[in-house]
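In full-length UniProt numbering, the protein residues as written are 1 to 119. Positions of the beta carbon are idealized from the N, C-alpha and C atoms, including for glycine. Taking it in order: structure first as structure tokens, then the write-up.
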């Protein structure tokens with residue numbers, strides 16, 4: 001059984017936003033109140049990552065999704081919910097495991113073919 005190592009190097013909640021007193025613009029408040037990925041309401045004390053500020057999480061997003069996610073769009077939500085953050089990190093970890101396993105299988109297949117056995 002494989003254990004997904006989603007917490008290695010990641011601390012969910014570290015990027016949580018804090019509502020500032022000077023934030024009075026309704027648009028700014030709205031963009032910080034929903035998850036960038038699933039659009040669920042965010043709790044400022046229990047959120048995931050900032051896609052604008054966390055380079056490691058941006059890299060995970062790029063590896064998981066085949067389509068472009070704009071990291072610099074100022075008018076879009078910046079944070080993800082904890083569940084989406086976990087899903088992205090879990091799938092990234094799973095994807096890396098599958099990639100490594102495919103490479104092992106390919107090497108194994110080449111070794112078998114090279115010894116006159118197999119295909």
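Residue i to residue j span [Cα, whole Å]
i	j	result
residue 95	residue 75	31 Å
residue 44	residue 97	33 Å
residue 82	residue 47	5 Å
residue 22	residue 105	Residue placement at residue 22 is flagged as unreliable, the pLDDT there being 43, under the threshold of 50; a coordinate-derived value is accordingly withheld.
residue 110	residue 99	17 Å
residue 85	residue 54	12 Å
residue 50	residue 113	48 Å
residue 71	residue 33	17 Å
residue 58	residue 52	8 Å
residue 89	residue 64	9 Å
residue 36	residue 68	13 Å
residue 66	residue 108	29 Å
Residue i in three-state terms, based on DSSP
i	result
residue 96	helix
residue 41	strand
residue 107	helix
residue 81	strand
residue 34	strand
residue 59	helix
residue 90	helix
residue 54	coil
One or two residues paired with residue i in a DSSP bridge
i	result
residue 47	81
heavy atom of the ligand FMN below 7 Å from residue i C-beta
i	result
residue 77	The ligand FMN is not part of the structure shown, which contains no ligands of any sort.
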